[in-house]
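Numbering-wise (this note's numbering), the sequence shown opens with residue 76 and increments by one.
For each residue, glycine too, the CB sits at the ideal point set by N, CA and C.
The model shown is predicted, which means the values in this text are computed figures rather than measured ones.
One structure is given here, and the rest of the page talks about it.
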Amino acid sequence: MTSPRRLLILLPGGQPHVLDCGPLRMSFREAPLTGTLLAALVPPDLSLDVTLVDGSVSPIPMDGKFDLVAISLITGMALKGYELADHFRARGATVVLGGIHVSLLTEEARPHADSIVVGYAEQTWPRLLRDWCAGRLLPEYRHEGPAVIAGLPLPRRDLQKPFGYVMPRTINATRGCRQACDFCVAPAVPLGWSTRPVGDVVADVRSLRGGTFAFHDLNLTDDVDYAKELFAALRPLKKKWGGLVSTKVAKDPELLDLMADSGCSYLLIGFESVSPAALRGMHKGFNAPGHYHEVVSSLHSRHIVVQGCFIFGLDDDTPEVFRHTVAAIDELRIDIPRFALYTPFPNTRAYRRLKAENRILHENWRYYDTQHVVIRPRLMSPEELDRGFIWAWRESFKLGIASKRVRFHRNTRISAVGNLAYRLYGHRLKSDADRFPPAMPASPGRT
Ligand code: SF4
């Protein structure tokens, strides 16, 4: 009897928000769904022996013997992913590359793989596996347009590293986003918008052990009617959940009530800036700083913890933006702030504009993780931007400030864990030369 062929599904790792304490390596974030869903989509009759590794929280089995290695790439992990692809090919494995970076820069990825997957993989991945088993693998599998996500199998969460994530149970209800923020990869890859049947989502939630989970959607309430139907169906399950939404959520009190009644306990919201001009510049004019108070208080009044993301390095940002933003966060009573740098991911509108203005410092994708300066800002130097960014992380999580933040909310545990994790993260950041790599030559396939 021949042994089953071995498939490695690999996320290369390199996530910035990771806590490393000796043998304990844990992500501050929710567990990714890509790997567990790809594993679930493996046709059972192929009898493959599947291993799933997220390099952010587990060692990569470099010496392992695999017949097929599938690597999913986001931009910040792309270069590491190519190195891994070359490594496993040299060891005799067939290598497949997919993920958002491959859809953004297909020609860059192609030389590192035997086959590439462009677009959503729900239909193409099982077909690819059948072709590979039959010895007729094609060089490319492409899905155009929105994801087809009705009737998906339950993710193989049993393959995920136990205790690897602050939130190990993640769910997907929608795909894509219909907004057009210029820095975001969602509108850059025209993959459309789709919703999963509410019954499928409820079945997935029911299958979870434990009373808490997180939605992994980019913008869970982008379709308000769908969101209301979903929240009404979740209510009887009596679970607590968190997710990502836009500031638009606060416009609809019925939506907010349904959301709170369905168990919503925290939300991550991209406020991005307290400057209306900066928001208009990034095509996120639907965010209105004058209404941020209302957004936060409408969620607090329903006992929902607010994580707020703010971006530095926008065209209207001066060196005062850091103090200004940290003070505004305090005043708005945002429970868990988070900071990012304006990053022109390849082929986004921001990328094309900054490229035309000759303001992209380098295209070393390793630094495209929203935590490194990769552009020349308009009203300060890159070094000033880097120093101000690190200052904001540290200042915002000083013990006195963070503990005051934790005390004022009823949902203390989520707020306390979030503030502690980001305090540790901020303290690890150092403004040094390593934050600015030497420029790289342009890659083929970049437009
Ligand atoms: S609302 Fe969020 S997910 Fe949608 S385009 Fe803007 S940044 Fe991207």
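For this session: Note down, in chain order, each residue of its chain lying with its Cβ closer than 8 Å to the Cβ of serine 269, except the 5 sequence neighbours on either side.
Result: Here the set comprises Pro221, Ala222, Val223, Ile224, Thr249, Arg250 and Gly251.
For this session: Could you tell me if the beta carbon of cysteine 208 falls within a distance shorter than 7 Å of some heavy atom in the ligand SF4?
Result: The closest heavy atom of the ligand SF4 lies 7 Å or more from the beta carbon of cysteine 208.
For this session: Could you spell out the range, first to last residue, of the alpha helix (DSSP H) harbouring tryptophan 207?
Result: Note, tryptophan 207: alpha helix (DSSP H), 199 to 208.
Exercise. Along the chain, where does the alpha helix (DSSP H) that runs through proline 262 open and close?
Worked result: Residues 260 to 263.
Exercise. Beta carbon of valine 117, beta carbon of leucine 85: below 8 Å?
Worked result: No.
Problem set entry | Helix, strand or coil at leucine 342 [DSSP, three-state] | Strand at leucine 342.
Problem set entry | Every unbroken alpha helix (DSSP H) inside the stretch 78 to 122 [4 residues or more] | As far as the stretch 78 to 122 is concerned, its whole alpha helix (DSSP H) runs of at least 4 residues are 109 to 115.
Exercise. Any heavy atom of the ligand SF4 closer than 7 Å to the Cβ of asparagine 294?
Worked result: Checking every heavy atom of the ligand SF4 against the Cβ of asparagine 294, one is found closer than 7 Å.
For this session: Sort Gln198, Asp444, Glu182 and Val273 by Cα distance to phenylalanine 258 and report the nearest one.
Result: Shortest Cα-Cα distance from phenylalanine 258 to any of Gln198, Asp444, Glu182 and Val273 involves Asp444.
Exercise. Roughly how many angstroms lie between the CA atoms of glycine 356 and leucine 319, to the nearest whole one?
Worked result: Distance between the alpha carbons of glycine 356 and leucine 319: 22 Å.
Exercise. What did DSSP end up calling glutamate 215 once you bin it into helix, strand or coil?
Worked result: Collapsing the DSSP output to three states places glutamate 215 in a strand.
Problem set entry | Touch test, the stretch 274 to 290 against the stretch 225 to 233, Cβ-Cβ under 8 Å, three pairs minimum | Proximity of the stretch 274 to 290 to the stretch 225 to 233 meets the contact definition, three or more beta-carbon pairs being nearer than 8 Å.
Exercise. Is there at least one non-hydrogen atom of the ligand SF4 closer than 7 Å to the beta-carbon of proline 262?
Worked result: Yes - the ligand SF4 has a heavy atom lying nearer than 7 Å to the Cβ of proline 262.
For this session: From the DSSP output, in three-state form, read off leucine 499 for me.
Result: Leucine 499: helix per DSSP, three-state reduction.
Exercise. Can you tell me whether DSSP reads lysine 236 as helix, strand or coil?
Worked result: Reduced to three states, the DSSP call for lysine 236 is coil.
For this session: Compare the Cα-Cα distances from alanine 289 to each of Glu395, Pro412, Arg503 and Gly317 and report the closest residue.
Result: The residue with the shortest Cα to Cα distance from alanine 289 is Gly317.
For this session: Compare the beta carbon distance of proline 87 and isoleucine 146 with 8 Å and say whether it is the shorter of the two.
Result: Yes. Within cutoff.
For this session: Mind checking who methionine 242 pairs with in its DSSP beta bridge?
Result: DSSP lists Glu105 as partners of methionine 242.
Exercise. Along the chain, which unbroken stretches of the alpha helix (DSSP H) at least 4 residues long are found entirely within the stretch 276 to 352?
Worked result: Taking only runs of at least 4 residues, the alpha helix (DSSP H) segments lying wholly in the stretch 276 to 352 are 299 to 309 and 328 to 336.
For this session: Leaving out five residues on either side along the sequence, give the residues of the same chain with a beta carbon under 7 Å from the beta carbon of alanine 168.
Result: Closer than 7 Å at Cβ, skipping near neighbours: Phe141, Asp142, Leu143 and Val144.
Exercise. Would you say lysine 313 touches the ligand SF4, meaning its beta carbon is less than 7 Å from a heavy atom?
Worked result: It does not: the Cβ of lysine 313 is nowhere closer than 7 Å to a heavy atom of the ligand SF4.
Problem set entry | Length of the line joining the Cα atoms of serine 133 and glycine 156 | Serine 133 and glycine 156 have their C-alpha atoms some 15 Å from each other.
Problem set entry | Closest residue to histidine 218 among Tyr195, Trp207 and Cys208 (Cα-Cα distance) | Out of Tyr195, Trp207 and Cys208, Tyr195 has the C-alpha closest to the C-alpha of histidine 218.
Exercise. Where does the unbroken alpha helix (DSSP H) through alanine 404 begin, and where does it stop?
Worked result: Note on identity: in this sequence residue 404 is isoleucine, with alanine being the wrong assignment. Looking at the DSSP string, the run of the alpha helix (DSSP H) that includes isoleucine 404 is 396 to 407.
Exercise. Secondary structure at threonine 445, three-state DSSP: helix, strand or coil?
Worked result: Reduced to three states, the DSSP call for threonine 445 is coil.
For this session: Answer with buried or exposed for phenylalanine 387, where buried requires no fewer than 16 other C-beta atoms within 10 angstroms of its C-beta.
Result: So phenylalanine 387 counts as buried.
For this session: Go ahead and pull the three-state DSSP assignment for phenylalanine 385.
Result: Residue state, collapsed to three classes: strand.
Exercise. In terms of alpha-carbon separation, which member of Cys339, Leu159, Phe385 and Pro119 lies closest to methionine 137?
Worked result: The shortest Cα separation from methionine 137 among Cys339, Leu159, Phe385 and Pro119 belongs to Leu159.
Problem set entry | Counted within 10 angstroms of its Cβ, other Cβ atoms place alanine 474 as buried (16 or more) or exposed | The residue asked about is misnamed: residue 474 is leucine in this sequence, not alanine. Burial call: exposed.
Problem set entry | alpha helix (DSSP H) segment containing phenylalanine 414, residue limits | Not the alpha helix (DSSP H): phenylalanine 414 falls in the beta strand (DSSP E), residues 411 to 416.
Exercise. Between leucine 295 and glutamate 329, what straight-line distance do the alpha-carbon atoms span, to the nearest angstrom?
Worked result: Leucine 295 and glutamate 329 have their C-alpha atoms some 16 Å from each other.
Problem set entry | Per DSSP, cross-strand counterpart(s) of glycine 173 | Beta-bridge pairing links glycine 173 to Ser147.
Problem set entry | The alpha helix (DSSP H) enclosing isoleucine 465, as first and last residue numbers | Secondary structure note for isoleucine 465: its alpha helix (DSSP H) is the uninterrupted segment 457 to 471.
For this session: Determine the extent of the alpha helix (DSSP H) in which aspartate 509 is found, giving its start and end residues.
Result: That residue, aspartate 509, is in no alpha helix (DSSP H); it is neither H nor E in DSSP.
Exercise. Regarding alanine 222 and the ligand SF4, is the C-beta to nearest heavy atom distance less than 7 Å?
Worked result: It does not: the Cβ of alanine 222 is nowhere closer than 7 Å to a heavy atom of the ligand SF4.
Exercise. If you draw a straight line from the C-alpha of glutamine 583 to the C-alpha of methionine 242, how long is it?
Worked result: No information on residue 583 is available, as it lies outside the stretch 76 to 522 that the chain covers here.
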